[in-house]
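Enquirer: First residue of the sequence shown? That's 9 in this note's numbering, and the numbers climb one at a time after it. Here you go, one structure.
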Amino acid sequence: MTVRCAWAGSDALYCHYHDTEWGVPLHDDQRLFEFLTLEGAQAGLSWITVLRKRENYRAAFDNFDAARIAAYDTDKIASLLLDAGIVRNRLKVQSTVTNAQQFLRVQAEFGSFDRFLWQFVDGKPVQNTWRHLAEVPASTAQSDAMSRELKRRGFKFVGTTICYALMQATGMVNDHTTDCFRHDVEHRAGV
9 MTVRCAWAGS DALYCHYHDT EWGVPLHDDQ RLFEFLTLEG AQAGLSWITV
59 LRKRENYRAA FDNFDAARIA AYDTDKIASL LLDAGIVRNR LKVQSTVTNA
109 QQFLRVQAEF GSFDRFLWQF VDGKPVQNTW RHLAEVPAST AQSDAMSREL
159 KRRGFKFVGT TICYALMQAT GMVNDHTTDC FRHDVEHRAG V
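Encoded structure:
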């Protein structure tokens, strides 16, 4: 029997996400922007709710092409708010447009969004050794610093808990519990 992190449960979509994506170091700017958007959309909701809407988000938000999203106007935002396939929260939809604009500025300044984000973990995944899900923190000093800097730069829906979830999802931290079959392989993986 395969042992996974307790949060993955038995839902097939959740298990697939856990087994193939969560915690794998990610360095692709467009996918990092996707995760930033989805983690922000999750605020106040369960991750599985957003994960189930992921393909709808990709369709609605031009596959997370930040340059296209940054140019969305009020008509496009209004149409997104009618799309039942995404979380129809005006602040969250508007934040995606704002974040796309700031994302492009960060890319121009740092050469990539990847370089900007990964600086908060000195460019390499933090290897944690949590034995139980209850030990995993909701935030850390690194996610606090990331949140402060993103907010300073005008990003929205980037509180420290959201930033830590982003760090977990994109492999900046390895928070697979030590009994999980993915714990010892994440630091060798890279996307």
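C-beta: ideal position from N, C-alpha, C; glycine also. Just so you know, these numbers come straight off a predicted model, no measurement behind them.
1) Pick helix, strand or coil for VAL129, following the three-state DSSP scheme.
2) Quick check on SER200: buried or exposed, where buried means 16 or more other Cβ atoms within 10 Å of its Cβ?
3) In chain order, what residues of the same chain lie with their CB nearer than 6 Å to the CB of CYS171, ignoring the 5 residues before and after it?
4) Can you tell me the Cβ-Cβ gap for VAL114 and PHE128, rounded? I've got them flagged as a contact below 8 Å.
5) Are the Cβ atoms of ALA51 and ALA78 separated by less than 7 Å?
6) Going by other Cβ atoms of all chains shown within 10 Å of its Cβ, with 16 needed for buried, is MET180 buried or exposed?
7) DSSP state of VAL32, grouped into three classes?
8) Leaving aside the five residues before and after THR168 along the sequence, list all residues of the same chain whose C-beta is less than 7 Å from its C-beta, in chain order.
9) Could you check whether the region 56-67 touches the region 86-96, counting it as contact only if at least three pairs of C-beta atoms, one from each stretch, sit closer than 8 Å?
10) Pick helix, strand or coil for ASN71, following the three-state DSSP scheme.
11) By the three-class DSSP mapping on this structure, what secondary structure does VAL134 have?
12) ARG12: buried (16+ other C-beta within 10 angstroms of its C-beta) or exposed?
13) Nearest-angstrom Cα distance between ALA177 and ARG161?
14) For the region 38-123, which segments carrying the beta strand (DSSP E) assignment without a break, of at least 3 residues, lie completely within its bounds, in sequence order?
15) If ASP19 and ARG190 are in contact, beta carbons under 8 Å, what's the gap, nearest whole angstrom?
16) Buried or exposed: ALA16, going by 16 or more other Cβ atoms within 10 Å of its Cβ?
17) For THR82, does the count of other Cβ atoms within 10 angstroms reach 16, so buried, or fall short, so exposed?
Expert: In short, the structure shows the following:
1) Translated into the one-based positions of the sequence shown, residue 129 becomes position 121. VAL129 falls in the helix class under three-state DSSP.
2) This structure cannot speak to residue 200, because the chain is shown only from 9 to 199.
3) For the purposes of this step, residue 171 is taken as residue 163 along the sequence shown, with counting starting at 1. Excluding residues within five positions, the ones whose Cβ falls inside 6 Å are SER151, MET154 and SER155.
4) The residue given as residue 114 occupies position 106 in the sequence shown. The residue given as residue 128 occupies position 120 in the sequence shown. VAL114 to PHE128, Cβ: 13 Å. No contact.
5) Stepping through the sequence shown from its first residue, residue 51 is reached at position 43. Stepping through the sequence shown from its first residue, residue 78 is reached at position 70. Result no, Cβ atoms of ALA51 and ALA78 do not sit closer than 7 Å.
6) In the sequence shown, counting from the first residue as 1, residue 180 sits at position 172. Classification of MET180: buried, given that the 10 Å Cβ count is 16 or more.
7) In the sequence shown, counting from the first residue as 1, residue 32 sits at position 24. Coil, per DSSP.
8) As a first step, residue 168 must be located in the sequence shown, where it is residue number 160. Excluding sequence positions up to five before and after THR168, its CB lies within less than 7 Å of the CB of SER147, SER151, ASP152 and SER155, all in the same chain and listed in chain order.
9) yes
10) Here residue 71 corresponds to residue number 63 of the sequence shown, with the count starting at 1. ASN71: helix per DSSP, three-state reduction.
11) If you number the sequence shown from 1, residue 134 lands on position 126. Strand at VAL134.
12) As a working note, residue 12 is residue 4 in the sequence shown. With 16 or more other CB atoms across the displayed protein chains lying within 10 angstroms of its CB, ARG12 is buried.
13) Looking up residue 177 in the sequence shown gives position 169. Looking up residue 161 in the sequence shown gives position 153. About 22 Å.
14) none
15) Within the sequence shown, the letter at position 11 stands for residue 19. Within the sequence shown, the letter at position 182 stands for residue 190. Wrong, their Cβ atoms sit about 16 Å apart, outside the cutoff.
16) To locate residue 16, count along the sequence shown from 1; it is residue 8. Label assigned to ALA16: buried.
17) Taking the sequence shown and counting its residues from 1, the one referred to as residue 82 is at position 74. Exposed, because fewer than 16 other Cβ atoms sit within 10 Å of the Cβ of THR82.
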